[in-house]
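Data block below; observations after.
Chains as they are written, first to last, in the working numbering: chain A, 332 to 645; chain B, 30 to 388.
Below, the structure is given as structure tokens:
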């Protein structure tokens, strides 16, 4: 008897990890134009983040007074484009504390990618567990979990994040935690919906009949069915998380100076928009490109993995 | 219908209760001693003890929650710590601006977003479609505050001395005064009464107030001040509405009844607007309802960029200043407004699509 439950799961596991399925999925993803563009931008950003020390001409937190003959909030100076050779080159200018903006923007990609992946990672883990528990067991646990999620969803997410940060105290770590908490409900709902759609199917009953434990059925049998919508939602969620974190930092509640975070950079120079617009323009474009990459990738993934939710309507 | 509405309102009660509970817990967990925060660092132990007793802060937390619920249900949000004024009064001053700003942004995103989505769907893969969708993708990826600052830079600085100049901050230019409609109409209302508060609320929507009093100077000035914030605030909802309209229309345009309509020779414009759009409306309305949250969150950022004294900016300032009566009241009002707006969306389904049965 004991050999039977051993045999069947291993066969199914093999199916999930089979090469052809992966290749098929990847091919489907790369056929999407938006996924391709988003993926390319993302790879570029990841490379920038990895090679930041090589690419950045200065330390992002280094104040250049005394090092070079530059003043604060100097406009961009590129020698190739006709900037006098005797002026030190700062291709995106210097900020209010006489730091090199280009270096700060480059290092900012590290912070933003870290924000995106860590918050969504945390939210997915917690949301998945909550969604699995409520969808699989139903009853009062479902009621308690899903009603709590409804309450969280009833608040505009940025406002709730602001409120949570004000309790925990300003700082990047607390901002990340706040954003992660407010994004849990989306993942809990996605996972619960997947659980509900497959929980009555034969392969689940078969697994149960073979004596699999609840946790094994939940995590090994049911959860893989929730992967496609989770991946899609997670990718779009990273975009949203980066935007929210930048907004919190802009308001002074997230990353604190001198951290090279794009939202903080924008926030600390916002009053200079009329005198030194490049200090506001550049970090904003950096945020936009990063968020756009994840949004495009997410849209492409959705069209490839989850045709029901397709934006294309096909 | 009425039965369904009543039942939905009852079903919202646990959520509203949850909102009150979360707000209570959050406000109580904001670090710092409320006595010292209100009476100042030099408050003596005796004074603080009396203060704590008077405000019921020495009672067990569940009892405090009870008192808090009782006060809120009777419309008493307490007094602001920073301004020493009733929170309700502050709400009446600040909320109209946010509602006005939010409504203009919402109308803008619907009036522009829906036609854009329809045209994209009808002319699928055309240059118009590609441009709209690229624009929409960029639109949802833009930080609201960045867009606001850039708009201010372009319209207030670069276009200075041109007819396109727009003011970068405030609600009215210096010297322009919005006279409340009840004063123009010669209505006598006693201050601090319910009617007065009600009138004040509407009078504080300057554009509406100037419209009903035919004060065109104020109307022009107030509208001019509202354009940039509304544009910044509307961008994300507009992009989302356009995308949803496009995908929903594409879905419907493939249906058999659309082909039937075309086959019987119905004009293309009628096919699109009457046969297809009507049926594509449901998801669009749902997404519009969900945008209210984006609008409220965006209001915090937009109002602080454009120097507008609305609910969003007030709430942010109150949080950073630990003015928790305001934090509690404003969060509750916004969250409950959001819940009920989505309730209205659910109820509107019946009018949009008679096939939807509400039971």
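We put the beta carbon where it would ideally sit given N, CA and C, even for glycine. In this text the structure is predicted, and so the values were computed from the model without any measurement.
Give me the chain C residues within the contact set of residue i, using Cβ-Cβ distance strictly less than 7 Å, ordered along the chain.
i, result
"residue 601/A", "No chain C appears in the structure shown, which is made up of the protein chains A and B."
Leaving out five residues on either side along the sequence, give the residues of the same chain with a beta carbon under 8 Å from the beta carbon of residue i.
i, result
"residue 367/A", "361, 631"
"residue 194/B", "184, 185, 188"
"residue 515/A", "454, 457, 458, 461, 480, 483"
"residue 642/A", "Note that residue 642/A scores 46 on pLDDT, short of 50, meaning its location in the model is unreliable and no value can be drawn from it."
"residue 119/B", "109, 112, 343, 355"
"residue 270/B", "138, 139, 142, 143, 146, 313, 316, 317, 320"
"residue 207/B", "201, 232, 235, 238, 239, 244, 247, 251"
"residue 17/B", "Chain B is shown from 30 up to 388; residue 17/B falls before or after that span and cannot be answered."
Can you tell which of the options has its C-alpha closest to the C-alpha of residue i?
i, options, result
"residue 448/A", "510/A, 432/A, 617/A", "510/A"
"residue 325/B", "159/B, 379/B, 265/B, 351/B", "265/B"
"residue 145/B", "268/B, 247/B, 237/B", "268/B"
"residue 281/B", "207/B, 340/B, 151/B", "151/B"
"residue 53/B", "358/B, 163/B, 363/B, 32/B", "358/B"
"residue 98/B", "231/B, 376/B, 361/B", "361/B"
"residue 192/B", "253/B, 366/B, 381/B", "253/B"
"residue 442/A", "605/A, 569/A, 636/A", "569/A"
"residue 126/B", "339/B, 370/B, 384/B", "339/B"
"residue 485/A", "383/B, 41/B, 304/B", "41/B"
Return the chain-ordered list of same chain residues with a C-beta closer than 7 Å to the C-beta of residue i, the five sequence neighbours on each side being excluded.
i, result
"residue 147/B", "274, 278, 301, 306"
"residue 416/A", "410"
"residue 597/A", "581, 611, 614, 615"
"residue 137/B", "259, 263, 267"
"residue 287/B", "281, 300, 304, 305"
Please work out which residues of its chain come closer than 6 Å, Cβ to Cβ, to residue i, disregarding the five sequence neighbours upstream and downstream, and give them in chain order.
i, result
"residue 177/B", "261, 331, 334"
"residue 519/A", "458, 461, 462, 480"
"residue 352/B", "109, 110, 111"
"residue 69/B", "none"
"residue 197/B", "181, 185"
Any beta carbon from chain A within less than 9 Å of residue i's own beta carbon?
i, result
"residue 157/B", "no"
"residue 44/B", "yes"
"residue 270/B", "no"
"residue 47/B", "yes"
"residue 198/B", "no"
"residue 127/B", "no"
"residue 194/B", "no"
"residue 325/B", "yes"
"residue 286/B", "no"
"residue 266/B", "no"
"residue 295/B", "no"
"residue 160/B", "no"
"residue 55/B", "yes"
"residue 315/B", "no"
Does the beta carbon of residue i sit closer than 9 Å to a beta carbon anywhere in chain B?
i, result
"residue 627/A", "yes"
"residue 497/A", "yes"
"residue 487/A", "yes"
"residue 443/A", "no"
"residue 604/A", "yes"
"residue 397/A", "no"
"residue 342/A", "Low per-residue confidence applies at residue 342/A: pLDDT is 47, beneath 50, and the placement is therefore not dependable enough to give any value."
"residue 646/A", "The requested residue 646/A does not occur in the structure, where chain A is confined to residues 332 to 645."
"residue 426/A", "no"
"residue 365/A", "yes"
"residue 447/A", "no"
According to the Cβ coordinates, are residue i and residue j closer than 9 Å?
i, j, result
"residue 521/A", "residue 495/A", "no"
"residue 493/A", "residue 128/B", "no"
"residue 59/B", "residue 436/A", "no"
"residue 55/B", "residue 200/B", "no"
"residue 466/A", "residue 525/A", "yes"
"residue 168/B", "residue 488/A", "no"
"residue 351/A", "residue 627/A", "no"
"residue 588/A", "residue 599/A", "yes"
"residue 372/A", "residue 624/A", "yes"
"residue 328/B", "residue 130/B", "yes"
"residue 430/A", "residue 399/A", "no"
"residue 379/B", "residue 30/B", "yes"
"residue 423/A", "residue 171/B", "no"
_the segment 606-622 of chain A: positions lying closer than 9 Å to chain B by Cβ_ = Only 608, 611, 612, 614, 615, 616, 618, 619, 620, 621, 622 from the segment 606-622 of chain A bring a Cβ to less than 9 Å from some Cβ of chain B.
*asked:* Please identify, using Cβ separations under 9 Å, the residues of the segment 72-98 of chain B that lie next to chain A, in order along the chain.
replied: none
*Closer than 9 Å, Cβ to any Cβ of chain B: which residues of the segment 464-490 of chain A, in chain order?*
Here the close residues are 478, 479, 481, 482, 483, 484, 485, 486, 487, 488, 489, 490.
_the segment 384-413 of chain A: positions lying closer than 9 Å to chain B by Cβ_ = none
_So if I threshold CB-CB distances at 9 Å, which residues from the segment 563-589 of chain A count as touching chain B?_
Cβ contacts with chain B come from 570, 574, 575, 577, 578, 581, 582, 583, 584.
*Between the segment 338-349 of chain B and chain A, which residues of the former have CB atoms less than 9 Å from a CB of the latter, in chain order?*
For chain A, the residues of the segment 338-349 of chain B that bring a beta carbon within less than 9 Å of one of its beta carbons are 341, 344, 345, 348, 349, in chain order.
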